[in-house]
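Residue numbers (the working numbering): 52 to 336. The C-beta atom is built at its ideal place from N, Cα and C for all residues, glycine as well. For clarity, every value in this text was computed on a predicted model and none was experimentally measured. These notes concern the structure reproduced below.
Laid out in structure tokens, this is it:
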């Protein structure tokens with residue numbers, strides 16, 4: 052399976068931390084966010100991973116490059132794990148010349164994926180799923196032979212932050228999309244089912260992107276390209292088994308760090324009394 056990971060966003064919600072560091076390289080406990088995505092892709096069966104970067108993102112390439120000096124002087128299990136991960140799939144890179152939106156970033160993969168269906172994972176999102184989320188989506192794709200997007204129900208307050216789908220449920224947890232709207236108002240949203248940033252797409256998406264006009268924020272939105280495609284052929288959305296961690300702003304990033312740290316026995320043992328003491332001080336203040 053080929054997988055595309057767009058990682059060219061500017062990360063403005065994390066400034067100044069992301070002025071010279073890609074947001075995809077922000078750590079969640081001991082690994083940068085994008086490494087979780089590559090691990091998920093490999094666990095789903097990916098053998099070819101294209102990461103779409105932009106200006107100032109060179110550290111992503113360096114992260115997945117061979118590090119013989121570090122390996123020589125360190126026996127860190129996590130470093131060895133990264134070295135092994137980089138050998139399990141061909142990881143290569145292409146640069147998006149301008150930040151023109153997610154659809155434009157996906158279009159940078161045109162020559163890499165060719166006529167094959169391919170997966171897409173966002174570089175600032177982590178999925179903890181069993182089986183891995185892309186594997187779940189691929190199973191749906193094998194049934195329908197049409198593009199599949201992962202969705203989950205979001206509260207009203209979050210509707211305006213995501214692409215939202217609408218359409219009939221054709222099987223348990225599977226919807227045929229007749230409307231896909233990028234960041235709609237609550238009143239105009241066709242449902243509360245939000246696109247979470249994982250897709251199986253077919254080569255037809257490239258023609259749809261070429262015909263998509265800039266939309267929200269003046270960018271070419273993948274949601275809009277999928278809406279155009281859905282008018283001509285089936286596009287499906289599916290719920291999934293597992294948990295998604297959106298690392299899109301400071302609070303969500305810190306929340307992910309806390310939850311992942313609490314899963315590690317050593318860190319949990321040290322964090323729990325620290326958090327309890329902090330909460331006690333807040334209550335007494």
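| Asked | Found |
| --- | --- |
| Relative to the alpha-carbon of residue 53, which residue among 146, 222, 166, 67 has its alpha-carbon at the smallest distance? | 166 |
| Taking residue 345 as the reference, which of 108, 170, 220, 91 has the closest Cα? | Missing from the structure shown is residue 345; the chain here goes from 52 to 336 and no further. |
| Report yes if the C-beta distance between residue 93 and residue 56 is below 8 angstroms; otherwise report no. | no |
| Output needed for residue 294: all residues of its chain with C-beta closer than 8 angstroms, excluding positions within five of it in sequence on either side, in chain order. | 178, 179, 180 |
| Who are residue 57's beta bridge partners in DSSP? | 103 |
| Within the same chain, show all residues whose beta-carbon is closer than 8 angstroms to that of residue 77, passing over the 5 residues directly before and after it, in chain order. | 65, 68, 69, 83, 84, 298, 304 |
| Sorted by chain position, which residues of the same chain lie with C-beta nearer than 7 angstroms to residue 143's C-beta, five sequence neighbours on each side aside? | 101 |
| Give me the Cα-Cα distance between residue 115 and residue 175, rounded to the nearest whole angstrom. | 16 angstroms |
| Where residue 106 and residue 246 are concerned, what is the direct C-alpha to C-alpha distance, given to the nearest angstrom? | 27 angstroms |
| Output the residue ranges of the alpha helix (DSSP H) runs that lie fully inside the stretch 119-181 and measure 4 residues or longer, sorted by chain position. | 119-124, 128-139, 153-158, 161-164 |
| Hey, is the stretch 185-195 in contact with the stretch 146-160, meaning 3+ C-beta pairs nearer than 8 angstroms? | no |
| Where residue 118 and residue 229 are concerned, what is the direct C-alpha to C-alpha distance, given to the nearest angstrom? | 48 angstroms |
| Alpha carbon to alpha carbon, how far is residue 200 from residue 172? Give it in angstroms, no decimals. | 11 angstroms |
| When the Cα atoms are used, what is the spatial distance from residue 259 to residue 328? | 54 angstroms |
| Does DSSP put residue 84 in a helix, in a strand, or in coil? | helix |
| Of the choices 333, 97, 288, whose alpha-carbon is the least far from that of residue 203? | 288 |
| Cα separation between residue 163 and residue 112? | 17 angstroms |
| Alpha carbon to alpha carbon, what distance is there between residue 62 and residue 74? | 5 angstroms |
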